[in-house]
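In the numbering used here, the protein residues as written are 1 to 258. C-beta: ideal position from N, C-alpha, C; glycine also.
And the structure:
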């Protein structure tokens, strides 16, 4: 079982449900899930599968995911203890609990005391622990995980929540990063030339290769170093304008590695 933390869509007010539906659809598409494999809660999802969801990092809107242990209230102490193997130092980082009627600090102290009473070979270290045990309560159940098990993702907005943009491809590296940033902001893109690395972020839609249309919102791969101001009635997006050549190269390498 995995816990998924979602990002900016939590801030979208009345439109939040539409953003969440799109995100859930994208997750199901990229992981090929059954309907009951993904359960939505407030700013958290539970993914009820056993295999590592490696492709989840390709879904924009996800902040992180991690394998978790599910526990009832009466078993939470033992669940926390079970996460420890040979570590010599630890800390507990819990969120405020409604069921326990305690703030996070109180839970941390009590859980830490229990672990110390059951394991004489371990000590508390709040600065640099070998293991950090995180605890969250969701719908009257508790989910525990190691901080070291967290897989960070890209955040952003789910693809399909911010309209359509046509990307004019001039340079494979710059255009790949520009397309990546547009998709991260929720855009469905079409491209003037194929950019193979972007297909892994499609999440249930296909990037079309086509020519420019009169009605298109256009994006280019211009950055600050090659920016050319054009007089044009069309809206032109330049997602790379705020980035240096080194930053663009670093993002491209990360895209390649996923």
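Rounded to whole angstroms, how far is the Cβ of residue 173 from the Cβ of residue 201, which I believe are closer than 8 angstroms?
Residue numbering aside, residue 173 sits at position 173 when the chain shown is read from its first letter. Residue numbering aside, residue 201 sits at position 201 when the chain shown is read from its first letter. Not really, about 16 angstroms apart at Cβ, beyond 8 angstroms.
How many Å lie between residue 136 and residue 157 at the Cα?
Residue 136 sits at position 136 when you count from the first residue of the chain shown. Residue 157 sits at position 157 when you count from the first residue of the chain shown. Each residue's alpha carbon lies about 24 angstroms from the other.
By the 10 Å Cβ neighbour count, where 16 or more other Cβ atoms means buried, how is residue 223 classified, buried or exposed?
Along the chain shown, read from residue 1 onward, the residue named residue 223 stands at position 223. Its Cβ being crowded by 16 or more others within 10 Å, residue 223 is buried.
Kindly confirm or deny that the segment 87-100 and the segment 112-126 touch, where touching means at least three C-beta pairs closer than 8 angstroms.
yes
Please list the terminal residues of the continuous beta strand (DSSP E) segment that includes residue 142.
Translated into the one-based positions of the chain shown, residue 142 becomes position 142. Looking at the DSSP string, the run of the beta strand (DSSP E) that includes residue 142 is 141-146.
Look at the Cβ atom of residue 1, then the Cβ atom of residue 31, and state whether they are nearer than 8 angstroms.
Position 1 of the chain shown, counted from the start, is the residue given in the question as residue 1. Position 31 of the chain shown, counted from the start, is the residue given in the question as residue 31. Contact: no.
Below 8 angstroms, how does it come out for the segment 166-184 and the segment 237-244: are there three or more Cβ pairs, yes or no?
yes
Return the chain-ordered list of same chain residues with a C-beta closer than 8 angstroms to the C-beta of residue 108, the five sequence neighbours on each side being excluded.
Locating residue 108 in the chain shown gives position 108, where the first residue counts as 1. Excluding residues within five positions, the ones whose Cβ falls inside 8 angstroms are 91, 92, 93, 94.
Secondary structure at residue 159, three-state DSSP: helix, strand or coil?
As a working note, residue 159 is residue 159 in the chain shown. Reduced to three states, the DSSP call for residue 159 is coil.
Below 8 angstroms on the Cβ atoms is my guess for residue 168 versus residue 220; work out the distance and round it to an integer in Å.
As a first step, residue 168 must be located in the chain shown, where it is residue number 168. As a first step, residue 220 must be located in the chain shown, where it is residue number 220. Right, the Cβ-Cβ distance comes to about 5 angstroms (below 8 angstroms), so this counts as a contact.
Consult DSSP for residue 6 and reduce its assignment to one of helix, strand or coil.
Start at 1 with the first residue of the chain shown, and residue 6 comes out as number 6. Reduced to three states, the DSSP call for residue 6 is strand.
For the candidate residues 55, 118, 70, whose alpha-carbon lies nearest to that of residue 143?
Along the chain shown, one-based indexing puts residue 143 at 143. The shortest C-alpha to C-alpha distance from residue 143 to any of 55, 118, 70 is the one to 70.
Are the beta-carbon atoms belonging to residue 193 and residue 218 less than 8 angstroms from one another?
On the chain shown, residue 193 is found 193 positions in, with the first residue counted as 1. On the chain shown, residue 218 is found 218 positions in, with the first residue counted as 1. Not closer than 8 angstroms, so no.
The alpha helix (DSSP H) with residue 254 in it runs from where to where?
Numbered from 1 along the chain shown, position 254 holds the residue referred to as residue 254. It spans 245-257 - the alpha helix (DSSP H) in which residue 254 sits, taken as one unbroken run.
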